[in-house]
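All residue numbers in the sequence shown are consecutive under this note's numbering, ending with 440.
In this text, a Cβ means the ideal position worked out from N, Cα and C, and glycines have one as well.
Note sheet for the following structure.
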Amino acid sequence: MADNFSIGDRYKVRRLEQAAEGRSKIDWAESRMPVMMSLRKEHAAKQSLKGMKIAGCLHVTKETAVLIETLKAAGAEISWSGCNPLSTQDDVAAALAANGISIYAWHGMNTEEFYWCIDKTLEMKPTLTLDDGADLIFSVHNRHPELAKSIIGGTEETTTGVHRLRAMAADGALKYPVIAVNDAETKWDFDNVFGTGQSSLDGILRATSVLVADKSFVVAGYGHCGAGCAMRAAGLGASVIATEIKPTAALKAVLHGHRVMKMDDAAKVGDIFITATGMKDVIVKRHFESMKDGAIVCNTGHYDCEINLVDLEGLAKSKRTIRPNCEEYTLRDGRRIYVLAQGRLVNLAAAEGHPSEVMDMSFANQFLSMVRLANEGRSLGAAVHDIPEEQDQRIAGIKLATLDAGLDVLTAEQIAYLNDYASGT
Ligand SMILES: NC(=O)c1ccc[n+]([C@@H]2O[C@H](COP(=O)([O-])OP(=O)(O)OC[C@H]3O[C@@H](n4cnc5c(N)ncnc54)[C@H](O)[C@@H]3O)[C@@H](O)[C@H]2O)c1
Numbered sequence: 016m017a018d019n020f021s022i023g024d025r026y027k028v029r030r031l032e033q034a035a036e037g038r039s040k041i042d043w044a045e046s047r048m049p050v051m052m053s054l055r056k057e058h059a060a061k062q063s064l065k066g067m068k069i070a071g072c073l074h075v076t077k078e079t080a081v082l083i084e085t086l087k088a089a090g091a092e093i094s095w096s097g098c099n100p101l102s103t104q105d106d107v108a109a110a111l112a113a114n115g116i117s118i119y120a121w122h123g124m125n126t127e128e129f130y131w132c133i134d135k136t137l138e139m140k141p142t143l144t145l146d147d148g149a150d151l152i153f154s155v156h157n158r159h160p161e162l163a164k165s166i167i168g169g170t171e172e173t174t175t176g177v178h179r180l181r182a183m184a185a186d187g188a189l190k191y192p193v194i195a196v197n198d199a200e201t202k203w204d205f206d207n208v209f210g211t212g213q214s215s216l217d218g219i220l221r222a223t224s225v226l227v228a229d230k231s232f233v234v235a236g237y238g239h240c241g242a243g244c245a246m247r248a249a250g251l252g253a254s255v256i257a258t259e260i261k262p263t264a265a266l267k268a269v270l271h272g273h274r275v276m277k278m279d280d281a282a283k284v285g286d287i288f289i290t291a292t293g294m295k296d297v298i299v300k301r302h303f304e305s306m307k308d309g310a311i312v313c314n315t316g317h318y319d320c321e322i323n324l325v326d327l328e329g330l331a332k333s334k335r336t337i338r339p340n341c342e343e344y345t346l347r348d349g350r351r352i353y354v355l356a357q358g359r360l361v362n363l364a365a366a367e368g369h370p371s372e373v374m375d376m377s378f379a380n381q382f383l384s385m386v387r388l389a390n391e392g393r394s395l396g397a398a399v400h401d402i403p404e405e406q407d408q409r410i411a412g413i414k415l416a417t418l419d420a421g422l423d424v425l426t427a428e429q430i431a432y433l434n435d436y437a438s439g440t
């Protein structure tokens, strides 16, 4: 492993001296996360997570620090690792280590180090796991199955992780209950859409500084994240092309005013490509072969397999870093293709991830799910469970109150009308 780290009994981070810088960022995030701060106040008083040992594997950002410190304030013992080799904010990790949190995370780690960090967090023998992409749960099941017995439950933050955990549960392989935080309305319809939309464009702009207004912007996958990216790219003046495999999603893209085509055709006309599918090999050799000189390619789906970089390497005669998070591949015929953030999550690697205001709701779901598991975990079956509707409405309600928005309430007569099956028209 590389040298020059700050290493303590319960942490390994890049440089502890960056803690003050990280703390300022966490303070900034706290000032924009009113739902989390109200939950912190309430559950610090109740000590709702006292006795819980939480291992977490989720992007180490300033917003995640607010979640970690809220879990700690509620009485939990925490041990954390990052869920992506390029998404850790080293100063934030340093601030958490300086505050006594057990944390193993640094920007730019390799795969071996990634699993070493997960294993370190599991040394605490957790009672709860908190995942983004399910690598921690998979590590428990595949490499440390003896730990599953003492785990009450876990949560999963993202679409791809929830998909795989549902498949695991369907096969009878899941050993403890997991709550699908991703599928909460206050997560999926806000974080994935508005968070990914804004922060992915932010990442593209920081890595390239190109004008978006004159570009054909190809979004692969018109789901929550893809639709968010399309909305923001169109807002900056781009002409959006969506590629899809699902008819209803493709139809939505058309009715939102975008062109829909096969990637084989989009590859020829796109200027900027972003993948948001959760699927591997969305952009492969034949697509690179037909792209324009100067095409920019990036990914905002969870894993870095959406763009086949091995194919691109095979076509390239040279490669150089032209700007931070922007690599120029020169193909044998002279065309240049630019890959951002090595095909990893462009919003987290080239920018700072989602704005705090959005993560406020996602992490409120994480926090309340941890409290639910601490209370009911053993009675929930070893399956993937949804967030209760009341939790969604409660979180949206607290958020709305901070936005000075008024909300009407149904009258008793209106409720009776809603349930009236006798009167007809
Ligand atoms: N960048 C981030 O911060 C961030 C945030 C949330 C989710 N994610 C990740 O982004 C990915 C998408 O999440 P989502 O919530 O939008 O999921 P989603 O299910 O709403 O949308 C994915 C869409 O991709 C389409 N698709 C699948 N394979 C395709 C292919 N080969 N070509 C074209 N379209 C294809 C699906 O039909 C679907 O409409 C997941 O991997 C998720 O984990 C990233």
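Asked                                                                                                                   : Found
7 angstroms Cβ shell around Asp105 - same chain, five flanking residues per side excluded                               : Val28, Arg29, Arg30, Gln33, Trp121 and His122
Straight-line gap, Arg25 to Ile152 (C-alpha atoms, nearest Å)                                                           : 21 angstroms
Buried versus exposed call for Lys41 [16 or more other C-beta atoms within 10 Å across all chains shown]                : Before going on, a small fix: residue 41 reads as Ile here, not Lys. Looking at its Cβ environment, which holds 16 or more other Cβ atoms inside 10 Å, Ile41 is buried.
Any 3 or more C-beta pairs closer than 8 angstroms across the stretch 214 to 222 and the stretch 176 to 189             : no
Three-pair Cβ contact test at 8 angstroms for the stretch 69 to 80 versus the stretch 93 to 113                         : yes
Backbone CA spacing between Ile352 and Phe232 [nearest angstrom]                                                        : 15 angstroms
Continuous alpha helix (DSSP H) stretch holding Cys132: start and end                                                   : Thr126 to Leu137
Residues that DSSP places opposite Tyr436 in a beta bridge                                                              : Tyr436 pairs with nothing; no bridge assigned.
Exposure of Lys414, with buried meaning 16 or more beta-carbon neighbours within 10 Å                                   : buried
Span separating the alpha-carbon of Gly358 from that of Glu321                                                          : 8 angstroms
Sub-9 angstroms separation of Asn207 and Thr174 beta-carbons                                                            : yes
From Ile166, Asp279, Asp308 and Lys332, residue whose alpha carbon lies closest to that of His302                       : Asp279
Distance cut-off 8 angstroms: Lys261 Cβ against heavy atoms of ligand 1                                                 : yes
Counterpart residues of Val193 in DSSP-defined beta bridges                                                             : Gly169 and Val399
Sub-9 angstroms separation of Gly90 and Thr142 beta-carbons                                                             : no
Helix, strand or coil at Trp121 [DSSP, three-state]                                                                     : coil
Other residues of its chain near Val464: CB distance less than 8 angstroms, five sequence neighbours each side excluded : Residue 464 is absent from the model: the chain starts at 16 and stops at 440.
For Leu433 and Thr426, the rounded distance between their alpha carbons                                                 : 11 angstroms
Contact check, Gly285 vs Gly243, beta carbons under 9 angstroms                                                         : no
Helix, strand or coil at Arg29 according to DSSP, with G and I counted as helix                                         : coil
Ser254, DSSP secondary structure in three states                                                                        : strand
Separation of Val386 from Ala228, as counted between CA atoms                                                           : 46 angstroms
Of the residues Glu200, Lys261 and Ala431, the one placed nearest Gln408, counting alpha carbons only                   : Glu200
The beta strand (DSSP E) enclosing Gly218, as first and last residue numbers                                            : Careful: Gly218 lies outside any beta strand (DSSP E), inside the alpha helix (DSSP H) at Thr211 to Thr223.
Outcome for Ala17 when other beta-carbon atoms lying within 10 angstroms are tallied against a minimum of 16            : In this prediction, Ala17 has a pLDDT of 48, which is less than 50 and means its spatial position is unreliable; what the coordinates show is noted afterwards. Ala17 should be labelled exposed.
The stretch 302 to 311 in contact with the stretch 129 to 142 per 3-pair CB rule at 8 angstroms                         : no
Exposure of Val399, with buried meaning 16 or more beta-carbon neighbours within 10 Å                                   : buried
Among Pro192, Lys190 and Asp198, nearest to His178 - alpha-carbon criterion                                             : Asp198
Close Cβ partners of Ala416 (< 6 angstroms) along its chain, the five nearest in sequence each way excluded             : none
Host alpha helix (DSSP H) of Val233 (start-end)                                                                         : It is not in any alpha helix (DSSP H) - Val233 instead sits in the beta strand (DSSP E) that spans Ser231 to Ala235.
Collapsed DSSP secondary structure at Ala17 in the structure displayed                                                  : Confidence at Ala17 is low in this model, with a pLDDT of 48, below 50, so the placement of that residue should be treated as unreliable; the coordinate-derived value is given next. In the structure shown, Ala17 sits in coil (DSSP, three-state: anything other than H, G, I, E or B).
Every unbroken alpha helix (DSSP H) within the stretch 322 to 369, with a cutoff of 4 residues, ordered by chain        : 324 to 330 and 361 to 364
Test item: CB-CB of Arg47 and Asp296 under 9 angstroms                                                                  : no
heavy atom of ligand 1 below 8 angstroms from Leu180 C-beta                                                             : no
Where Gly23 sits in the DSSP three-state scheme                                                                         : strand
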